[in-house]
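Report on one structure; see the data block that follows.
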Amino acid sequence: MSPATGVSMKPQKVDFADVPSLRAEIISGDLSKVKPVFSRDSKFLYCGSGKEILKYSISAERLVSVLCGHEDAVTGLCLNSDGDLVSCSLDGTIRDWKGDVCSKVHQLNKPIRFMDTDKAGNVWYVVLEAEGATPAYPKGTLCEFDISTGKVYAHVYAGCIHAMQVSPSGRFAAAIVGGHAGRLLVNCRSEKVTREWRQPLRGSTHNRLT
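First residue of the sequence shown: 1317, per this note's numbering; consecutive thereafter.
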């Protein structure tokens, strides 16, 4: 019986002879833990590798280019509204790329720990690392970033920030903050309000926004 629906379910036998095999390719390389990004046409895959960005061809299944320019570890990869690659780094810069060439460098003058954007590539947030930050206590500041001017124009939260995500619409940004237990902060960009979503008590059926 399914615990979600209360409906009895009969076990199914799967004949793997009828299931198409999935081809898995292992691409070697010194890759970082930065989330990889596909090009908008899905022809290429970008991966962080230390100070460099590795560009792989999906059809050829091989490395085709290495994008160089950052002076410290690459920490984020996204696509802008034109479908071009944007990267950030602990060197304090955000770089716009046209093909394999860096077309613009934004100097933020602080190490950049995270970067994310909405689905259209119009709304951008970054986390600037604070002095004294450690992997166990990643202190930083969550900010809105204007990629057209290269300016940080809104500080949303300062403290220990473990992760950050921008909603596809660009209206919201969420961050996991605080100590080991973690707390969830949600910023509503249009209302210029940041709120903490606390874990409901056991047995409660609704989340409470505080």
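Every residue gets a Cβ at the ideal spot worked out from N, C-alpha and C, and that includes glycine.
Cα-Cα, which of the options is closest to residue i?
i: Ser1485; options: Asp1407, Asn1503 and Ala1376; result: Asn1503
i: Ser1348; options: Ser1375, Val1390 and Ser1373; result: Val1390
i: Lys1367; options: Ser1355, Asn1425 and Ile1410; result: Ile1410
i: Gly1475; options: Ala1489, Ser1381, Leu1458 and Phe1488; result: Leu1458
i: Ala1376; options: Gly1364, Ala1490 and Lys1359; result: Lys1359
i: Val1407; options: Glu1387, Gly1448 and Asp1400; result: A quick correction: the sequence has Asp, not Val, at residue 1407. Minimum Cα distance to Asp1407 is reached at Glu1387.
i: Pro1454; options: Asp1416, Cys1404, Ile1477 and Ser1483; result: Ile1477
i: Cys1394; options: Ala1436, Leu1379, Ile1374 and Ser1365; result: Ala1436
i: Leu1379; options: Gly1399, Gly1392 and Ser1365; result: Ser1365
i: Gly1415; options: Tyr1372, Tyr1441 and Val1493; result: Tyr1372
i: Phe1430; options: Gly1392, Val1417, Trp1413 and Cys1363; result: Gly1392
i: Arg1356; options: Ala1452, Pro1427 and Ser1397; result: Ser1397
i: Glu1445; options: His1471, Ala1479, Val1402 and Lys1426; result: Lys1426
i: Ala1452; options: Arg1499, Gly1494 and Ala1489; result: Gly1494
i: Val1350; options: Glu1447, Tyr1441, Ala1479 and Arg1499; result: Ala1479
i: Arg1505; options: Arg1499, Trp1513 and Ala1490; result: Ala1490
i: Arg1499; options: Phe1488, Glu1512 and Arg1487; result: Glu1512
i: Ile1492; options: Val1353, Gly1399 and Gly1456; result: Gly1456
i: Cys1404; options: Thr1450, Ser1381 and Pro1352; result: Pro1352
i: Leu1401; options: Phe1354, Ser1381, Ile1428 and Tyr1441; result: Phe1354
i: Asp1412; options: Thr1450, Ile1463, Leu1501 and Phe1488; result: Ile1463
Kindly identify the DSSP beta-bridge partner or partners of residue i.
i: Thr1457; result: Leu1444 and Ala1474
i: Tyr1372; result: Leu1361 and Leu1379
i: Ala1489; result: Val1482 and Asn1503
i: Asp1412; result: Val1402 and Lys1420
i: Gly1392; result: Cys1404
i: Lys1426; result: DSSP, once it has assigned bridges, lists no residue as partnering Lys1426.
i: Thr1433; result: Trp1440
Assuming residue i and residue j form a contact by the criterion Cβ under 8 Å, report the distance between their Cβ atoms to the nearest whole angstrom.
i: Ser1361; j: Ile1369; result: Per the sequence shown, residue 1361 should be read as Leu rather than Ser. Incorrect: roughly 11 Å between the Cβ atoms, too far for contact.
I'd like to know whether the C-beta atoms of residue i and residue j end up nearer to each other than 8 Å.
i: Val1443; j: Val1482; result: no
i: Tyr1473; j: Thr1510; result: yes
i: Cys1418; j: Gly1448; result: no
**Prompt:** Contact between the region 1412-1428 and the region 1457-1472: three or more CB pairs below 8 Å?
**Reply:** The region 1412-1428 makes contact with the region 1457-1472; the number of CB pairs closer than 8 Å reaches 3 or more.
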